[in-house]
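Trainee:
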Amino acid sequence: MPVPVLFEYLLRLGDNCLILSQRLSEWCGHGPVLEEDIALTNVALDLLGHARFWLSYAGEVEDEGRDEDKLAFLRDAGEFRNVLLVEQPNGDYAMTITRQFYFDTWHFHLLKELQASSDLRVSEIAQKAVKEATYHLERSTDWVIRLGDGTDESHARMQRAADDLWQYTGELFETDEVDREMLASGLGVDLEKLQPPWMEHVQKTFAEATLTVPPGKWMQRGGKRGIHTERLGYLLAEMQFLQRAYLGAQW
Amino acid sequence: MVATHPTTNEIWSWLDEIADPEIPVLSITDLGIVREVEWDDIANEFRVVITPTYSGCPALDAIADEIRRCMREHNVERFRLTTQLAPPWTTDWMSDRAKQRLQEYGIAPPAHSLIQIEAAHPVCPQCGSSDTKLVSRFGSTPCKALYTCSSCLEPFDAFKPH
Ligand SMILES: [Zn+2]
């Protein structure tokens, strides 16, 4: 396996978890109720754990002295490989839950497949992470139903969130050279094959939630190649500030 | 010189005295965090293998430090501590004694990992009633969920089947 391709693939896996974890952490102390504040930060913690597994491995593969911390704190926006969905702002609670639901549904199926990776390390990380991702998906599915089939206000907000974020879901299944090479080697998964089960779960959940699956076909893309929305820069400014201002600072 | 070193059983019993930092009523061996203790003849050292409960468990570093301290305290200089992810940690590794201790501590012990959380219905550790309901899928740590008891009306943490 050529190093740059595997490195790139691992960055994508790690950055998705890292950036979403950071977004969820922004809720810490601001959750609508105490239980949700705790739940969001617990999900953030799981995802941060996954990010550490992937980025540590990426650093070892690259073999240029960058560990998980250097990769997380000392790269600029253009070097991040997360999908655009996870960097979208928290918005209201409907936005946060819907972003999580779209992501969790994909993440669960991705990890399920990655368990069979030909790379032992990738397989082991996926086996560990899928247990937590399963739980995340149960939780976000519950909330989509509860808020979608809730009051007029919560329903309207959920439909708006579902519509607004829809344009970022296409990138989850977009397959490029890196994905194709990883798939051919047996290390990666066929992202296009994740789309039908993803759609099935979204349709089933939205039906129960009395929400309409957005019809839009036009999709935003670019995050996987380092072309991000301007929102990522603000997120990184906060996440990276300490390590940028005090290089190598430790607790 | 003939090197003497403790038996693996002795090491297990020392490690069994290290409390989990977040649920101090359980030891790290009760929880199934310590996976292996063995003497490596070739490297001439003990190998201690630990595994995280949840991926983001912030206590794992503290646990590793405690193990190192414990080994040094018992004059074991030659050991290697490694972390392993697979097979992934499950609450099924928790001993019966551990489940009993949790119950007494006020945390409902986990059902079998294949039982989904909706069906798990933990028994209230306060009054023993099984008329309980899920309030939130996450409690004060990732490994717990928050319930309330409909009989005594007390809220309680339950260890999630995982
Ligand atoms: Zn009770």
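Top line first, the protein sequences correspond to chains L and G. Using our numbering, read the first sequence as starting at 1 and increasing by one per residue. Using our numbering, read the second sequence as starting at 1001 and increasing by one per residue. Note that beta-carbon positions come from the ideal geometry of N, C-alpha and C, so glycine has one too.
Quick check: is any heavy atom of ligand 1 less than 6 Å from the C-beta of SER1130 (chain G)?
Mentor: No - ligand 1 has no heavy atom lying nearer than 6 Å to the Cβ of SER1130 (chain G).
Trainee: Is CYS17 (chain L) near ligand 1 - that is, is its Cβ less than 6 Å away from at least one heavy atom of it?
Mentor: No.
Trainee: Would you say ARG1137 (chain G) faces chain L, with C-beta separation under 7 Å as the test?
Mentor: Yes, contact with chain L.
Trainee: Checking 7 Å against the spacing of the C-beta atoms, do PHE7 (chain L) and GLU62 (chain L) come in under that value?
Mentor: In contact: PHE7 (chain L) and GLU62 (chain L) (Cβ atoms closer than 7 Å).
Trainee: Using a Cβ distance threshold of 8 Å, determine whether the stretch 94–103 of chain L contacts the stretch 178–189 of chain L, with at least three qualifying pairs required.
Mentor: No, they do not touch.
Trainee: From L:ILE19, L:SER154, L:ALA126 and L:GLN243, pick the residue whose C-alpha is nearest to that of VAL83 (chain L); which is it?
Mentor: Ranking the options by Cα distance to VAL83 (chain L), first place goes to L:ILE19.
Trainee: Determine the burial state of TRP218 (chain L): buried for a count of at least 16 other Cβ atoms within 10 Å of its Cβ, exposed for fewer.
Mentor: The residue is exposed, with fewer than 16 neighbouring Cβ atoms inside 10 Å.
Trainee: Nearest-angstrom Cα distance between LEU45 (chain L) and SER1151 (chain G)?
Mentor: Each residue's alpha carbon lies about 33 Å from the other.
Trainee: Helix, strand or coil, according to DSSP, for LYS193 (chain L) in the structure here?
Mentor: It is helical.
Trainee: Within 6 Å: the Cβ of GLN1103 (chain G) and any heavy atom of ligand 1?
Mentor: Result no, Cβ not under 6 Å from ligand 1.
Trainee: Please go through the stretch 121–171 of chain L and give each complete alpha helix (DSSP H) segment of 4 or more residues, from N-terminal end onward.
Mentor: Within the stretch 121–171 of chain L, the complete alpha helix (DSSP H) runs of at least 4 residues are 152–166.
Trainee: Can you look up THR212 (chain L) in the DSSP assignment and give me helix, strand or coil?
Mentor: Three-state DSSP puts THR212 (chain L) in coil, outside helix and strand.
Trainee: Suppose you measure from the CA of ASP142 (chain L) to the CA of LEU232 (chain L); what does that come to, to the nearest Å?
Mentor: If I take the Cα positions, the gap works out to 28 Å.
Trainee: Of the choices L:LEU71, L:GLU35, L:LEU147 and L:HIS107, whose alpha-carbon is the least far from that of VAL86 (chain L)?
Mentor: Answer by Cα proximity: L:HIS107.
Trainee: To the nearest whole angstrom, what separates the beta carbons of SER1113 (chain G) and PRO1052 (chain G), a pair I think is in contact under 8 Å?
Mentor: With 8 Å as the limit, SER1113 (chain G) and PRO1052 (chain G) do not qualify as a contact, their Cβ atoms being about 16 Å apart.
Trainee: Could you tell me which chain G residues have their CB closer than 7 Å to the CB of LYS131 (chain L), listed as they occur along the chain?
Mentor: Neighbours of LYS131 (chain L) on chain G, chain order: PRO1088 and HIS1162.
Trainee: Assuming CYS1070 (chain G) contacts LEU1015 (chain G) under a Cβ cut-off of 8 Å, what Cβ separation, rounded to an integer in Å, is found between them?
Mentor: Right, the Cβ-Cβ distance comes to about 7 Å (below 8 Å), so this counts as a contact.
Trainee: Measure the C-alpha to C-alpha separation of LEU242 (chain L) and GLY248 (chain L) and round it to an integer number of angstroms.
Mentor: Distance between the alpha carbons of LEU242 (chain L) and GLY248 (chain L) is about 9 Å.
Trainee: Any beta-carbon of chain G closer than 7 Å to the one on LYS128 (chain L)?
Mentor: So yes, LYS128 (chain L) belongs to the interface.
Trainee: Determine the extent of the alpha helix (DSSP H) in which ILE1023 (chain G) is found, giving its start and end residues.
Mentor: Premise fails: ILE1023 (chain G) is in no alpha helix (DSSP H) and is neither H nor E.
Trainee: Counting only beta-carbon atoms, is VAL1002 (chain G) nearer than 7 Å to chain L?
Mentor: For VAL1002 (chain G), the predicted model reports a pLDDT of 49, less than 50, meaning its position is unreliable and no value from the coordinates is stated.
Trainee: For MET1001 (chain G), count the other beta carbons within 10 Å of its own beta carbon; 16 or more makes it buried, fewer makes it exposed. Which is it?
Mentor: At MET1001 (chain G), the pLDDT of 44 sits below 50, so the modelled position is not reliable; the number obtained from the coordinates is stated separately. Exposed is the call here.
Trainee: Could you work out which residues of chain G lie near ILE125 (chain L), taking near to mean beta carbons separated by less than 8 Å?
Mentor: Those within 8 Å of ILE125 (chain L) in chain G are LEU1085.
Trainee: Quick one: what's got a C-beta closer than 8 Å to GLN1126 (chain G)'s C-beta in the same chain, skipping five residues either side?
Mentor: Only GLY1106, CYS1149, CYS1152, GLU1154 and PHE1156 meet the Cβ criterion.
Trainee: Can you find the residues in the same chain that come closer than 7 Å, C-beta to C-beta, to ALA1120 (chain G), ignoring five residues on each side of it along the sequence?
Mentor: Once the five neighbours on either side are set aside, the close Cβ partners of ALA1120 (chain G) are ALA1111 and PRO1161.
Trainee: With C-beta atoms as the reference, is LEU48 (chain L) less than 7 Å away from GLY14 (chain L)?
Mentor: Contact flag unset, no.
Trainee: With 16 as the cutoff for other CB atoms within 10 Å, does LEU165 (chain L) come out buried or exposed?
Mentor: That one is buried.
Trainee: Let's test the definition: count the other Cβ atoms within 10 Å of the Cβ of SER16 (chain L) and tell me whether it reaches 16, buried, or not, exposed.
Mentor: The sequence shown places Asn at residue 16 (chain L), not Ser. With 16 or more Cβ atoms within 10 Å of its Cβ, ASN16 (chain L) is classed as buried.
Trainee: What residue does the alpha helix (DSSP H) around PRO4 (chain L) start on, and which one ends it?
Mentor: 3–25 is the span of the alpha helix (DSSP H), which, as asked, contains PRO4 (chain L).
Trainee: Under 8 Å, with one C-beta from each stretch per pair, do the stretch 103–119 of chain L and the stretch 1072–1081 of chain G reach the 3-pair mark?
Mentor: Taking 8 Å as the limit for Cβ pairs, the verdict is that the stretch 1072–1081 of chain G does not touch the stretch 103–119 of chain L.
Trainee: What are the complete alpha helix (DSSP H) segments, minimum 4 residues, inside the stretch 55–83 of chain L?
Mentor: As far as the stretch 55–83 of chain L is concerned, its whole alpha helix (DSSP H) runs of at least 4 residues are 68–73.
Trainee: Between the Cα of ASP179 (chain L) and the Cα atoms of L:LEU191, L:THR169, L:LEU24 and L:GLN22, which residue gives the shortest distance?
Mentor: Nearest of L:LEU191, L:THR169, L:LEU24 and L:GLN22 to ASP179 (chain L), Cα basis: L:LEU191.
Trainee: Show which residues of chain G have a CB atom less than 7 Å away from the CB atom of ASP46 (chain L).
Mentor: Within chain G, the residues near ASP46 (chain L) are TYR1054, SER1055, GLY1056 and PRO1142.
Trainee: Which residues in the same chain as MET182 (chain L) place their Cβ atom closer than 6 Å to its Cβ, once the five residues preceding and following it in sequence are excluded?
Mentor: Taken in chain order, the residues that qualify are TYR9 and GLY188.
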